[in-house]
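Engineer: Residue numbers (our numbering): 7 to 295.
Structure follows, in structure tokens:
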């Protein structure tokens, strides 16, 4: 690994140490783990790798500059995957000599537990690059999801953004507090979504006739003016309400403490799903086999 910040190695090793309690519950043995190597320059890193996962800040200017630099000093057969959460890979490829080996590989935090990684091809990304990237991610226990069309935000972040915008509107309009918003998810649809996602959940809502009946019965509701499609203005008042609301929900716990609580809960969910070899648990089930 390499990080240009002065305390990069310290920060990375701190993150690894914090993650190990979760990894051990997933069956990893620290004594048998692969060797972590930190290098002091980008040049040193690029000369000795077979796959690069670039995780720079999600700025097109930063990423294009970095990819051009990496492209110049890395063997042409090395895949370069970007952890961007919304940029177009075609834009990131601009100005590189080997754009065919650049692809989006978008994982989700905490990346050492959540298996999803979205793979997005740019105009110049080769089919082999996308295929090999998917094979690599699957080999390390991830679930590669090939996005069929290049689009800003990809799939999951666009879905998350829709919920996030509605949440901000409801807080801004005084409909709900931040705790109300989160309770509405974690005590209800969030549990279903973790198991079956959106489409299959609504398929079940249609009864024996499935999605067809569901759309016939509830489809007209899509025309109701329930949603604010545009993002609300982030006024100081709204920002204060969001910040104070989530601060209150944290009940004095630090971010690290909340991360560990989240990790433990996610592991328990994955364990249950793995016993049924279903949904996100199927990835962990394969890793345990």
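Ideal Cβ placement from N, Cα and C applies to all residues, glycine included. Predicted, not measured: the structure shown is a model, and the values here were computed from it.
Look at the Cβ atom of residue 71, then the Cβ atom of residue 102, and state whether they are nearer than 8 Å.
Structural biologist: Position 65 of the chain shown, counted from the first residue, corresponds to residue 71. Position 96 of the chain shown, counted from the first residue, corresponds to residue 102. Contact: no.
Engineer: Can you give me the Cβ contacts of residue 68 inside the same chain, cut-off strictly under 6 Å, excluding the 5 residues immediately before and after it?
Structural biologist: Counting from one through the chain shown, the residue named residue 68 turns up at place 62. Hits under 6 Å: 62.
Engineer: Should the segment 44 to 58 be called in touch with the segment 75 to 84, which here means at least 3 C-beta pairs below 8 Å?
Structural biologist: As far as the Cβ criterion goes, the segment 44 to 58 touches the segment 75 to 84, which means the pair count is three or higher.
Engineer: Does DSSP put residue 291 in a helix, a strand or coil?
Structural biologist: The residue labelled residue 291 in the question sits at position 285 within the chain shown. Caution applies to residue 291, whose pLDDT of 46 falls short of 50 and renders its modelled position unreliable; the value that the coordinates give is listed next. Reduced to three states, the DSSP call for residue 291 is helix.
Engineer: Using the Cβ count rule (16 or more neighbours within 10 Å means buried), how would you classify residue 186?
Structural biologist: In the chain shown, counting from the first residue as 1, residue 186 sits at position 180. Per the 10 Å Cβ criterion, exposed.
Engineer: Work out the CA separation of residue 59 and residue 91 for me, nearest whole Å.
Structural biologist: Indexing the chain shown from 1 puts residue 91 at position 85. Indexing the chain shown from 1 puts residue 59 at position 53. Taking the straight line from one Cα to the other gives about 13 Å.
Engineer: For residue 43, I'd like the list of residues in its chain whose CB is within less than 8 Å of its CB, leaving aside the five on either flank, ordered along the chain.
Structural biologist: The residue labelled residue 43 in the question sits at position 37 within the chain shown. Cβ neighbours of residue 43 beyond the five flanking positions: 7.
Engineer: So with Cβ pairs under 8 Å, would you call residue 248 a contact of chain D?
Structural biologist: Chain labels in this structure do not include chain D; a single protein chain is all it has.
Engineer: Apart from the five residues just before and just after residue 198, which ones in its own chain have a Cβ nearer than 8 Å to its Cβ?
Structural biologist: The residue labelled residue 198 in the question sits at position 192 within the chain shown. Around residue 198: 207.
Engineer: Taking contact to mean 3 or more Cβ pairs, one atom from each stretch, closer than 8 Å, check whether the segment 107 to 121 and the segment 144 to 160 are in contact.
Structural biologist: With a cut-off of 8 Å, the segment 144 to 160 and the segment 107 to 121 count as touching, because enough Cβ pairs lie within range.
Engineer: What's the gap between the Cα of residue 40 and the Cα of residue 271?
Structural biologist: Sequence index remark: in the chain shown, residue 40 carries index 34 (1-based). Sequence index remark: in the chain shown, residue 271 carries index 265 (1-based). Answer to the nearest angstrom: the Cα atoms are 26 Å apart.
Engineer: Determine the burial state of residue 322: buried for a count of at least 16 other Cβ atoms within 10 Å of its Cβ, exposed for fewer.
Structural biologist: With the chain running from 7 to 295 in the structure shown, residue 322 is simply not present.
Engineer: Can you give the Cα-Cα distance for residue 25 and residue 119, rounded to whole angstroms?
Structural biologist: The residue you call residue 25 lines up with position 19 of the chain shown. The residue you call residue 119 lines up with position 113 of the chain shown. Their backbone Cα atoms lie some 9 Å apart in a straight line.
Engineer: Please report the distance separating the alpha-carbon of residue 106 from that of residue 135.
Structural biologist: Start at 1 with the first residue of the chain shown, and residue 106 comes out as number 100. Start at 1 with the first residue of the chain shown, and residue 135 comes out as number 129. Looking at the two C-alpha atoms, the distance is approximately 7 Å.
Engineer: Among 184, 157, 180, which one has its Cα closest to the Cα of residue 170?
Structural biologist: Within the chain shown, residue 170 is the residue found at index 164, counting from 1. Residue 184 is the option with its Cα nearest to residue 170.
Engineer: Is the beta carbon of residue 276 within less than 7 Å of some heavy atom of the ligand GDP?
Structural biologist: Absence of the ligand GDP from the depicted structure is noted, as is the absence of any ligand whatsoever, leaving it without description.
Engineer: To the nearest angstrom, how far is it from the Cα of residue 287 to the Cα of residue 147?
Structural biologist: For this step, residue 287 is matched to residue 281 along the chain shown. For this step, residue 147 is matched to residue 141 along the chain shown. If you take the alpha carbons of residue 287 and residue 147, they lie about 11 Å apart.
Engineer: My output table needs one value for residue 150: the three-state DSSP class, helix, strand or coil.
Structural biologist: Start at 1 with the first residue of the chain shown, and residue 150 comes out as number 144. Strand, per DSSP.
Engineer: Given that a residue counts as buried once 16 or more other Cβ atoms are within 10 Å of its Cβ, and exposed if not, what is residue 27?
Structural biologist: If you number the chain shown from 1, residue 27 lands on position 21. Exposed is the call here.
Engineer: For the pair the segment 80 to 98 and the segment 121 to 134, tell me if three or more CB-CB distances fall below 8 Å.
Structural biologist: With the cut-off at 8 Å, the segment 80 to 98 and the segment 121 to 134 touch.
Engineer: Contact defined as beta carbons within less than 8 Å: I believe residue 17 pairs with residue 9. What is the distance between those atoms, to the nearest angstrom?
Structural biologist: Here residue 17 refers to the residue found at position 11 when the chain shown is read from its first residue. Here residue 9 refers to the residue found at position 3 when the chain shown is read from its first residue. Contact holds; Cβ gap of about 7 Å.
Engineer: Quick check on this structure: which residue in 289, 179, 104, 13 has the alpha carbon closest to the alpha carbon of residue 46?
Structural biologist: The residue you call residue 46 lines up with position 40 of the chain shown. The residue with the shortest Cα to Cα distance from residue 46 is 13.
Engineer: Give the secondary structure of residue 213 by DSSP, where H, G and I count as helix, E and B as strand, and everything else as coil.
Structural biologist: Position 207 of the chain shown, counted from the start, is the residue given in the question as residue 213. Note: residue 213 maps to helix in three-state DSSP.
Engineer: Based on Cα-Cα distance, which residue from 181, 252, 165 lies nearest to residue 205?
Structural biologist: Position 199 of the chain shown, counted from the start, is the residue given in the question as residue 205. Selected option, being the one with the closest Cα: 165.
Engineer: If you follow the alpha helix (DSSP H) that residue 87 is in, where does it begin and where does it stop?
Structural biologist: Numbered from its first residue, the chain shown carries residue 87 at position 81. Residue 87 -> not in any alpha helix (DSSP H); beta strand (DSSP E) instead, spanning 85 to 88.
Engineer: Can you check the segment 63 to 135 for any beta strand (DSSP E) of at least 3 residues that lies completely inside it and give the ranges in chain order?
Structural biologist: Those beta strand (DSSP E) runs which fall completely within the segment 63 to 135 and span 3+ residues are 85 to 88, 108 to 113, 122 to 126.
Engineer: Check this for me: beta carbons of residue 300 and residue 181, under 8 Å apart or not?
Structural biologist: The requested residue 300 does not occur in the structure, where the chain is confined to residues 7 to 295.
Engineer: Exposed or buried, what is residue 126 when buried is set at 16 or more other beta-carbons lying within 10 Å of its beta-carbon?
Structural biologist: As a working note, residue 126 is residue 120 in the chain shown. Residue 126 is buried by the Cβ-count criterion.
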